[in-house]
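Chains as they are written, first to last, in this note's numbering: chain R, 256 to 483; chain C, 20 to 276; chain D, 20 to 276; chain L, 227 to 480.
Cβ coordinates follow ideal geometry from the N, Cα and C atoms, glycine included.
Here's the structure we're looking at; comments come further down.
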Amino acid sequence: MHVPDGFIDAPLSVVGGVIATVGVGVCLRGARRELDEKTAPLAGLVAAFVFALQMLNFPVALGTSGHLLGGTLAAVLVGPYTGALCVTVVLTVQALFFADGGTTALGINITTMAIVTTVVGYGIVVLLRALLPARPASVVPAAFVGALISVPASALAFVGFYALGGTTGLSLGGVLVAMVGVHVLVGIGEAVITALTVGSVVTVRPDLVYATRSYEQPLEIRHTEQAA
Amino acid sequence: MTASLVVHGLAFAYPDGHQALYGVDLTVARGERVAVLGPNGAGKTTLVLHLNGILGGGRGTVAVAGLPVTKEHVREIRRRVGIVFQDPDDQLFMPTVREDVAFGPANLGLRGPELADRVHEALVQVGMAEYADRPPHHLSYGQRRRVAVATVLAMRPEILVLDEPSSNLDPASRRELADILLGLPITILMVTHDLPYALQLCPRSVILDDGVIVADGSTYDLLCDDATMTAHRLELPFGFDPRSAMSVAPAASPSFP
Amino acid sequence: MTASLVVHGLAFAYPDGHQALYGVDLTVARGERVAVLGPNGAGKTTLVLHLNGILGGGRGTVAVAGLPVTKEHVREIRRRVGIVFQDPDDQLFMPTVREDVAFGPANLGLRGPELADRVHEALVQVGMAEYADRPPHHLSYGQRRRVAVATVLAMRPEILVLDEPSSNLDPASRRELADILLGLPITILMVTHDLPYALQLCPRSVILDDGVIVADGSTYDLLCDDATMTAHRLELPFGFDPRSAMSVAPAASPSFP
Amino acid sequence: MSAGHHHHLYLDRASLIHRLPPQCKIAAVVLFVTAVVTTPRGSWWPYAVYVLALGAVAAAGRVPAPTILRRMIIETPFVLFAVILPFASPGPKTDVLGLTLSATGLESAGILLAKGTLGVVASILLAATTQPRDLLLGLQRLHMPQLLVQIMTFMFRYIEVVLGEMNRMRVARESRGFDARHVGHLKVVAQSAGALFIRCYERGERVHLAMLSRGYTGRLPVFADARSSTGQWAMAALLPLVAVATTVAAWATL
Ligand SMILES: Nc1ncnc2c1ncn2[C@@H]1O[C@H](COP(=O)(O)OP(=O)(O)OP(=O)(O)O)[C@@H](O)[C@H]1O
Ligand SMILES: Nc1ncnc2c1ncn2[C@@H]1O[C@H](COP(=O)(O)OP(=O)(O)OP(=O)(O)O)[C@@H](O)[C@H]1O
Ligand SMILES: [Mg+2]
Ligand SMILES: [Mg+2]
């Protein structure tokens, strides 16, 4: 779904750029509350993982292929603001360095793949957690559903941009059906991988999952008679 | 004079719930060299990681040169306390040995020839000057450990904390490291399982076991105290006798004139 | 009888062009225990990684129990040669200690209670049975090393190769490991910088320096040969005298009855 | 294990382009692609100028053509998409080689391929002549927010950590008789994938803490002088200047 240079016309690319800049600005402010000395590297790792996930292109149907987006995973692990920044960083590096996604389409790509996925995915996670039992493990099914829905939502946002500024003259209905159809399938893969990763992290390092942070435990003090 | 290091009632549990420290008390005077002994899993590394605020958030306090280790002083404290990690792979991350050694002093503001001199000097100290342009991850384990020591020496810390510095070093490097440490007029805290090395370098030792300090005294006395030693899985190695050792090389240990 | 291990003319350069081995020749008889000594960066680890075909593609040959280490035999050879790596993090990768120790024997086809027994036994041997359900990467360094040894013991290899097994072990574990190794009737090759440990465990030693074997003989004789020792950065540690050590504990070393 | 040693995309050469400060190169790429994208529909000659300009950069940077062509494989998905256009687009039809194609679809596909490909090649050239570490430095100089720089720094490092740890795990598995050809063993790989994430994280966490211990404040110390002179900016400006002039001329002559 990485939009290449020249796919969306220049004015709408500028609009995408403005939306992305505002969104990233909001995230930068919000992330200050999420990030500290220890979570900064976690954000980097999440970005690296999202990067690896997005490399996994899998064929869906008739020559089309989709790849995982990773937005929900990022949001669940490091929080929605930082999560969106992680995906933004991935997209920037891909555009500049890996020629994946156009440099001028970066604003659009950030909007659809970093902002929409984290907002939708994390929103659903928050919603479901309120309904599920209050245990750290509840985040796993919540992340599954969030990831499942975030991907077609992102595809929908893309179709929106296309409707307003597409340069290729394809019929809107066709694009809509193709994009959303493909990405419903991609969403299933995304959901499975997100749930597996979150599940394994929650069991070993619950403190690393933003969505389940905040559990304290009492410390025991022992007194000893010192020898020597 | 304020003590170099004061640890008081330090308790800590890892995020997975495993408690490693249960109230550690330790005071180290300026210029003292203290060995931290104890079995595997006693909490030695966990204690070390508290000394410059890498771990924190449990109970108790740590103070360095009178300054409490809190978020607000952490930067100043990290200038003063240099830690050599147990695993050199945790310490080395830059693309070349030279850049890695320069990393710390550069963060302290050094630049240009002054920085280059500092780096070169540290690399010469550990015998790795000719490896300056190689990537650290392409070195042998012992070479990586030597570079890890150099990265910290280059920062000229006031307090040097070493977590098993002699492991994986060849015997000559081990002795050379001892010579370097003996020549530094600073406070040294050294975690080690190498009891002869502790005796050679540190007049004083503490034993940490199961998250608490269970013994504190002169290294020589501790090593001769069989009951305490066996209670904490400490044994003298094959062929080593502290009594005869001290009669041969007393100079190393100021407390035995 | 075929020798357990025959290395002939082995030369190897790392992909970055750095040559580490320059023609190593070494023959180890069945049931022999041989220490590999030598300074940091000598090529010891590089040699070890050739013994089960992890590294390869240079010049020369390696044969295990008569079988050349080539692509086609590599699977069989890995059943027979167990390697304990220098860095325990290179060895442990499963989510729990138990699964990690079970991994090797399970690949050999063990299942069910037989597998569980094998795992339990190995963990008891290294004193880590109570840690079976913890993730290995949450253990202390010395604990990880003990588990690393267990993962290989559980496979009951014919040839055991250990790269610095005693580093980071507490003194009691070190002695316990020595006891385990002395009780195994198999061929053992042990890389170490701990010369007393070599003397205690291995009647024979070779010195590897700069990619070639420069000495081969009885460990006792080597340690007493000051000229060879200093030429290869080997020194006896503080307070250790092989002569007096051997008069106290001769049992450990079959070659000195 | 460590950050930014030679990346597989980077060609280690001594060239004019390699020596340019990274911030100049990034700015040049962005401006160049912007100019390309704003080329009006209906003019075709500007693309020849763009190709020549990129060709000159590739020559100056000593990046061989086969390398560029090989790396253009990243385009495949959208090339496939462009191939569909002439069939699927509405509008008047023309006959090409016996196929009935949409004329506007054909034109759109041509433009899309031309613009997209130029963008891809510009990125390939940037990556081939700039190390990831320098890219970071360049973005930092261009005032990308500190937080993003930091995440990106760690991302580059972790990509290596992930690869390194994956390799360690593979060696560990194989040394203990693991046979990757058995199907049942997929489970083992899947199982260790969960451990991989945590293992990578914890390795990276410890490295990060070691960095903090040596006074790291979130900014990598700059050893190489990355300041850019006016001359260097002028040189880097050549490529976008050519492109902008071309676009402007194309609009003027439309
Ligand atoms: N990251 C971690 N998560 C959970 N528990 C841990 C972690 N690191 C260490 N532990 C546990 O905390 C205890 C103390 O570990 P620590 O590393 O401080 O021991 P140590 O004294 O340094 O041992 P060694 O001599 O083996 O290095 C051990 O029981 C260990 O299993
Ligand atoms: N991955 C690598 N790439 C390039 N060179 C390497 C690599 N690993 C090791 N070397 C080099 O090869 C030589 C031999 O290294 P090796 O690890 O075999 O030494 P060693 O004898 O095991 O040393 P130590 O006692 O420090 O573990 C050293 O000079 C080292 O710098
Ligand atoms: Mg430790
Ligand atoms: Mg080695």
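Within chain R, the residues that residue i reaches when beta carbons sit closer than 7 Å
i, result
"C/Tyr160", "Correct list: empty, because the minimum Cβ distance to chain R is about 24 Å."
"L/Tyr384", "Gly299, Leu300 and Ala303"
Closer than 8 Å at the beta carbon, the chain R residues around residue i
i, result
"L/Thr379", "Gly299"
"L/Ala329", "In chain order: nothing, as chain R lies at least about 10 Å away."
"L/Phe423", "Leu300, Phe304, Thr452, Ser455 and Val456"
Distance cut-off 7 Å: residue i Cβ against heavy atoms of ligand 3
i, result
"C/Thr64", "yes"
"C/Tyr33", "no"
"D/Ser159", "yes"
Cβ-Cβ distance between residue i and residue j below 8 Å
i, j, result
"L/Pro312", "L/Leu339", "no"
"L/Pro318", "L/Ala329", "yes"
"D/Val171", "D/Ile102", "yes"
"D/Val145", "D/Arg165", "yes"
"C/Phe257", "D/Pro261", "no"
"D/Ala61", "D/Asp213", "no"
"L/Val388", "R/Asp260", "no"
"C/Val81", "C/His69", "yes"
"D/Gly76", "D/Ala30", "no"
"L/Leu422", "L/Met392", "yes"
"L/Gly430", "R/Pro296", "yes"
"C/Asp35", "D/His157", "yes"
"D/Gly161", "D/Ser192", "yes"
"L/Ile377", "R/Val344", "yes"
"L/Val255", "L/Leu352", "yes"
"L/Ala368", "L/Ala253", "Here residue 368 of chain L turns out to be Leu, not Ala, going by the sequence shown. A contact, by the Cβ cut-off of 8 Å."
"C/Val225", "C/Asp235", "yes"
"C/Gly123", "C/Ala173", "yes"
Residues that residue i contacts on chain C, provided the C-beta gap is smaller than 7 Å
i, result
"D/Ser224", "By Cβ distance, chain C contributes nothing, its closest Cβ being about 13 Å from D/Ser224, past 7 Å."
"R/Val459", "Asp35"
Interface partners of residue i on chain L, CB under 8 Å
i, result
"C/Phe122", "Met437, Arg440, Tyr442 and Pro447"
"R/Val344", "Leu374, Ile377, Met378 and Met381"
"R/Gly444", "Here the premise fails: no neighbours, minimum Cβ distance about 14 Å."
Check: residue i C-beta below 7 Å from any heavy atom of ligand 2
i, result
"C/Leu196", "no"
"D/Gln110", "no"
"D/His37", "yes"
"C/Asp235", "no"
"D/Gln219", "no"
"C/Asn187", "yes"
"C/Gln162", "yes"
In DSSP terms, what residue i is bridged to
i, result
"C/Ala32", "C/Gln38"
"C/Pro87", "C/Ala82"
"C/Ala54", "C/Met209 and C/Ser224"
"D/Thr46", "D/Val25"
"D/Val100", "D/Ile178"
"R/Ile263", "R/Gly421"
"C/Ser186", "DSSP lists no partner for C/Ser186."
"D/Leu3", "Since the first and last residues shown for chain D are 20 and 276, residue 3 of chain D lies out of range."
Residue i Cβ short of 7 Å to ligand 4 heavy atom set
i, result
"D/Gln105", "yes"
"D/Asp182", "yes"
Listed by chain order, chain C residues near residue i by CB distance under 9 Å
i, result
"D/Val192", "Note on identity: in this sequence residue 192 of chain D is Ser, with Val being the wrong assignment. Result: Pro58, Asn59, His212 and Arg252."
Under 7 Å by beta carbon: chain L residues contacting residue i
i, result
"C/Gln110", "Ala436"
"D/Asn187", "Here the premise fails: no neighbours, minimum Cβ distance about 15 Å."
"C/Met174", "Arg440"
Per-residue contacts from residue i into chain C (C-beta, under 8 Å)
i, result
"R/Glu475", "Ala30, Gln38 and Tyr41"
"L/Arg432", "Phe104, Asp106 and Asp109"
heavy atom of ligand 1 below 7 Å from residue i C-beta
i, result
"C/Asn59", "yes"
Partners in chain L for residue i, counting only beta-carbon separations shorter than 9 Å
i, result
"D/Ile73", "Val397, Glu400 and Ser401"
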